[in-house]
Amino acid sequence: MAQKLIKRIVKLVVNSPNESSKISETFALLYDTDPNLSQSLIYSIENLIYEKNDIAAAKLLFLHTTSTLASKDSKQCLDFVYSCDPLAIGQDSLKLVFELHYKEEHYLASLLILDGVSQEHWVNERRTEIADLIKDKDLSKVDIIYQNLANLLLLKRSKISGQGPPNVKKTKFFSSLLQTPIVAWEYRNQLGRMIRRDLDVKYQKSILGWAWGIIEPLALTVTFLFLFDILSTTTSRYMPLNIMIGIIIWSGFGHILLRGTKSLESNTVVLQRVNLPRQIFLLNIAGTSIVTVSLNILAIIPLLIYYQITPTWKLILFPASLILVAAYGVSVSLFTSTIQTKWRDVSHLVSVAVRIGFYFTPVFFTLEMLINGRIPPEFLTAYLIINPIAIYLTLARSAFTNESIDIGQEYFWISLLHLILLYTFSAYWFSKNEDKAVKYL
Amino acid sequence: MRAGKFPIVLDDVVLDFPFHNAGKTTIQKQFLSLFKGNNKKWFRALSGIDLKIKKGSVVGIIGDNGAGKSTLLRVIGGIYKPDRGKITVEGKVILLASLGLGFSNDLPGRDNIYLTGGLIGMSEDEIADKEQEIIDFSGLKEFIDAPLRTYSSGMRARLGFSIACHSKPEILLLDEVFSVGDYEFRRKSKQKILQMVEGETTVVVVSHNIQTLEEICDRIIYIENGKILMSTSKKYAIELYKRK
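Residue numbers (the working numbering), protein chains in the order written: chain A, 548 to 988; chain B, 656 to 899.
Here's what the structure looks like:
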């Protein structure tokens, strides 16, 4: 409908420019069908100027558009004038624009337009009138405006733009909590692909490839066994197994923390180009860690055979505790990754924390050894509340060794509560600050 | 084409950036700045952008370095949220910058098609369908199986452009993509853009290559200091830009 009307108008303007009433009538019709008519007409006007070389028709079309819009939508009218080709602007339409600016109290713009219009008697009167009006207004703006006008006859807009109210981001508490799991589900295919890429790339160009994932924990296990043999008199039965499980899981956890903290920083290129949920890189890292740990844990099979352990239903505790550990890593990283973009100190801090944590968490010893050690019980309680990883690790070990530990079950629920509170805080923090964090990249 | 349909509308958009002085801030300076009061920490990258872009048009953005062209593109692409003002973008947006979309350097080009395709929202089947088409258009031939780090910047741009085009975007944002490509690539991509525009894709191009803009754009937006100096027909804007 609107297209047809525009064609009709252009035809009218080109063929019978004197039938002014007919043209205005069609314009009124057109505005009713298409309130955004100015943009469509800009193209028609340019077409008239550059393709058909009919500037008179373009000027007429411009004048009629301006007069229609001036009465209907003054903002659009000014928009139209300043985005249309200046060749189409004629004396009559300039007067119209002047009246509009004047009506809207854009005195400077009015003044400048008057300069563009030829010297008629009303021009001089109006000029003094406006000059009086702007006398006590901010004159530094005049310079800016004249600068902008250096090349243009007209000023784009007299209003000082960019003074709107700041956008305040409303972060909904509950939806911020659901954000990360939703992203993980929606992007599961892509995440799978990214994890596969990470694994492919990790051992590219290496001869031993996958074996490296096992060599490191194996070497560390041997080292710690050796140390225990020298330093300690009592070792538990499953010591090598326990150390190996501890080291494999801790290295996965450390990996999530270290790389997760840098997850926004190291993906700057992608984040500045693709509009993605920003958690995706963190989830990618966590996923890669979970897969790596699950594969590396296969290295304990020879030990299981050696100890003649037959897996029971308790084996399910291993994936469960692995997921809890990963969730803990993700929760911390959601918080640290956003700060990392502003202060690069965070990653250093995290790497120190991971190292210290290695010694303070029962990684190369067991929780049992800690409990039976020389720690006062009240400190032990505090320790278990602060460090849920200790509990998750012990859980993972008991999946294989079937050994039960004599700490109360309530500590498990406390560690879970710790995790939930941490996640709640981090997830809320992340969705509140992610937009700002991206700017620091 | 329905008249008066604007997939991109910006209303008085303002974007502030933090001042980067990486490596130069010391604790001492940070501490002192607490007492010196609020010294300027933000600068205005975009100040009050009003813009309406019509469906199926090709709009060029010109301006000096640092005028805010790429930032504007990123705001349209949804990467930065405006600090003031409002923006509405309807349809699937793809932003393509000169160095590709987010490629993995160690993987061959073919794997990168899948990776990047997934990142910009194509499904696995969709990519498998288009794979050959993408490779043919990029003109990479046997290099498609070479790791990406061996590619030249032009080759990257070709692959990136090829993936972006074949993902059927409704809005395509191109940031200096043509500057690294050779003549043949420019010719081909120009054709492709015009072909996409017929299919109602809206294209916004940032480029210093006036000639390219002159050939493909309907309108030109001239940006200076984060403001739209003008948005007008291409002949006039380009004339002005050259004269400057």
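We put the beta carbon where it would ideally sit given N, CA and C, even for glycine. The model shown is predicted, which means the values in this text are computed figures rather than measured ones.
Within chain B, F672, P673, Y735 have C-beta atoms less than 7 Å from the C-beta of K986/A, given in sequence order. Residue I768/B holds the alpha-carbon nearest to the alpha-carbon of E781/B among K736/B, I768/B, V713/B.
Contact annotation: in the segment 736 to 752 of chain A, residues whose CB is within less than 8 Å of a CB in chain B are N736, Q737, R740, M741, R744, D747, V748, Q751. Minimum Cα-Cα distance from S563/A among the listed residues I596/A, L608/A, I803/A corresponds to L608/A.
Per the Cβ contact rule, the segment 844 to 863 of chain A is not in contact with the segment 799 to 814 of chain B (fewer than 3 Cβ pairs under 8 Å). DSSP places P673/B in the uninterrupted beta strand (DSSP E) bounded by 663 to 673.
Neighbours of A752/B in chain A, taken as residues whose beta carbon is under 7 Å from its own, are R820 in chain order.
Secondary structure note for Y975/A: it is in no beta strand (DSSP E), and the uninterrupted alpha helix (DSSP H) holding it is 957 to 986. Membership of D705/B in the beta strand (DSSP E) is indicated by the continuous run 697 to 708.
Remark: C-beta atoms of A617/A and C624/A approach each other more closely than 8 Å. E779/B belongs to the set of residues whose beta carbon lies under 8 Å from a beta carbon in chain A. Of the candidates A984/A, F627/A, K622/A, the residue whose Cα lies closest to the Cα of W890/A is A984/A. W797/A and A783/B have their C-alpha atoms spaced approximately 39 Å apart.
Against L770/B, the close residues of chain A are Q737, R740, M741, R744, in the order they occur along the chain (beta-carbon pairs closer than 9 Å). The alpha-carbon separation between I794/A and V852/B amounts to approximately 57 Å. Within 7 Å of the CB of K696/B, no CB atom of chain A is found; the nearest one sits about 11 Å away.
DSSP places K823/B outside both helix and strand once states are collapsed to three, so it counts as coil. When the beta-carbon positions are compared, L774/A and M786/A stay at least 8 Å from each other. Non-local beta-carbon contacts of Y939/A in its own chain, meaning distances under 6 Å to residues more than five positions away in sequence, involve S868, L871, V872 in chain order.
The alpha-carbon of G711/B is positioned some 13 Å away from that of K823/B.
Under DSSP, V861/B takes part in a beta bridge, and its partners are I716/B, D830/B. Around the CB of I848/A, fewer than 16 other CB atoms lie within 10 Å, so the residue is classed as exposed.
For P824/A, the closest Cβ of chain B is not nearer than 8 Å. Non-local beta-carbon contacts of S759/B in its own chain, meaning distances under 8 Å to residues more than five positions away in sequence, involve D766, N767, L770, L803 in chain order. For the C-beta of D761/B, the chain A residues within less than 9 Å are, from N- to C-terminus, R744, D747, V748, Q751, K752.
Secondary structure of T888/A (DSSP, three-state): coil.
Burial state of I754/A is exposed, judged by a 10 Å Cβ sphere holding fewer than 16 other Cβ atoms. Each of Y649/A, V628/A, K650/A, E651/A was checked against the Cα of S640/A, and the nearest Cα belongs to V628/A. A distance of 8 Å or more separates the beta carbons of D873/B and V748/B. The segment 795 to 859 of chain A contains, as complete alpha helix (DSSP H) runs of 4+ residues, the segments 815 to 818, 827 to 843, 848 to 854 (chain order). 8 Å or more divides the Cβ of G733/B from the Cβ of L828/B. Residues of chain A with a Cβ closer than 7 Å to the Cβ of R739/B are, in chain order, G709, G711, P712, P713, N714.
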